[in-house]
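What follows is a single structure, written as structure tokens, with notes after it.
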Amino acid sequence: MAARHAVNFLEELDGGFEPGTDDGEVIEFDNLFAVRASEAVESKTETLEFVEAAGYSRGFSEAQASVANKYEALLKEKTEAFEAQLAAERAQWAERSADQSVHLIKEEIQRCETAIGEQVARLLLPLIETQLAEQSVREIRDLVRRLLAEAPEAHMKISGPGAMVEAMRMALGENGLHASVQESDVLELRVEIDQVVIESRVSKWVERLREAIG
2 MAARHAVNFL EELDGGFEPG TDDGEVIEFD NLFAVRASEA VESKTETLEF VEAAGYSRGF
62 SEAQASVANK YEALLKEKTE AFEAQLAAER AQWAERSADQ SVHLIKEEIQ RCETAIGEQV
122 ARLLLPLIET QLAEQSVREI RDLVRRLLAE APEAHMKISG PGAMVEAMRM ALGENGLHAS
182 VQESDVLELR VEIDQVVIES RVSKWVERLR EAIG
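In my numbering, the protein residues as written are 2 to 215.
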């Protein structure tokens with residue numbers, strides 16, 4: 002069988018005979034060679050296309066991975082910068098809020114102190130008036146004693162609110178027993194020794210206190 006194929010192949014090369022198969026079918030040598038050559042070219046082309054496709058796919062994947070890495074790095078950088086800026090803004094806001102809170106607290110404390118002070122002053126005003134009246138009585142008493150020491154026979158007259166008149170008489174002792182007394186609706190205590198007139202100023206002080214309190 003092998004010898005027959007060899008003979009057929011040689012005859013085909015010589016060109017004098019038509020080659021045949023084992024079954025007696027005739028196959029043209031040129032066509033068979035051409036077919037085989039075409040298949041080889043197509044196979045080589047497909048191989049090149051596959052290699053090119055694989056290279057393109059690998060390059061695309063590498064480029065995609067590189068872009069993804071750069072994007073992640075940029076995103077991380079932007080995120081860190083945003084967080085830093087946000088932290089700085091929060092710190093500034095906290096500082097401003099603290100300053101404003103301290104200022105508001107101070108104002109509120111001052112307002113409360115003022116309100117409490119005014120309220121206390123209103124409550125204490127009657128007591129202050131009494132203390133001012135008592136102080137006026139003491140000061141006038143001392144002055145009257147000096148005047149009476151210089152003129153023991155001088156005539157003395159005491160006028161004003163009943164409480165202050167009585168307080169003056171008691172403060173002068175024996176000298177107050179000989180004084181003429183006149184109670185009136187005026188707020189000031191008035192003592193007359195001959196031509197000398199001594200008068201308190203309690204109402205003036207009380208008026209100033211009321212104006213200050215509002």
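Using N, Cα and C, we set each Cβ at its ideal position, and we do this for glycine too.
>> Can you tell me where the beta strand (DSSP E) holding residue 184 begins and where it ends?
In response: Where residue 184 is concerned, the enclosing beta strand (DSSP E) stretches over 181 to 184.
>> Extract the residue ranges of the alpha helix (DSSP H) inside the segment 148 to 195, only unbroken runs of 4 or more that lie entirely within it.
In response: 163 to 173, 175 to 178
> Exposed or buried, which one is residue 24 when buried takes at least 16 other CB atoms within 10 Å?
Replying inline: Low confidence applies here, because residue 24 scores a pLDDT of 49, under 50, leaving its location unreliable; read the following figure in that light. Under this definition residue 24 is an exposed residue.
>> Am I right that residue 128 and residue 210 are in contact with their C-beta atoms under 8 Å? What's the rounded C-beta distance?
In response: No, residue 128 and residue 210 are not in contact; Cβ-Cβ is about 11 Å, not under 8 Å.
> How close, in whole Å, do the beta carbons of residue 201 and residue 189 come, if the pair is a contact with beta carbons under 8 Å?
Replying inline: Confirmed, about 5 Å.
> Whole-angstrom Cβ separation of residue 191 and residue 161, contact assumed at under 8 Å?
Replying inline: 5 Å
> Sorry if obvious, but does the Cβ on residue 159 come closer than 7 Å to a heavy atom of the ligand COA?
Replying inline: The ligand COA is absent from the structure shown, which contains no ligands of any kind.
> Relative to the alpha-carbon of residue 196, which residue among 120, 148, 101 has its alpha-carbon at the smallest distance?
Replying inline: 148
>> Please list the terminal residues of the continuous alpha helix (DSSP H) segment that includes residue 204.
In response: 203 to 214
>> Suppose you measure from the CA of residue 96 to the CA of residue 109; what does that come to, to the nearest Å?
In response: 20 Å
>> Short of 8 Å in beta carbon distance, which residues of its chain neighbour residue 133, apart from the five on each side in sequence? Order them along the chain.
In response: 203, 206, 207, listed in sequence order.
>> Which same chain residues end up closer than 8 Å to residue 181 when comparing Cβ atoms and leaving out the 5 residues on each side of it in sequence?
In response: Cβ within range, chain order: 156, 157, 158, 159.
>> Rounded to the nearest angstrom, what separates residue 167 and residue 113 at their Cα positions?
In response: For residue 167 and residue 113, the distance between alpha carbons rounds to 41 Å.
> Roughly how many angstroms separate the alpha carbons of residue 84 and residue 70, rounded to a whole number?
Replying inline: 21 Å
> In three-state terms, what does DSSP make of residue 197?
Replying inline: It is a strand residue.
>> Is the beta carbon of residue 141 closer than 8 Å to that of residue 171?
In response: no
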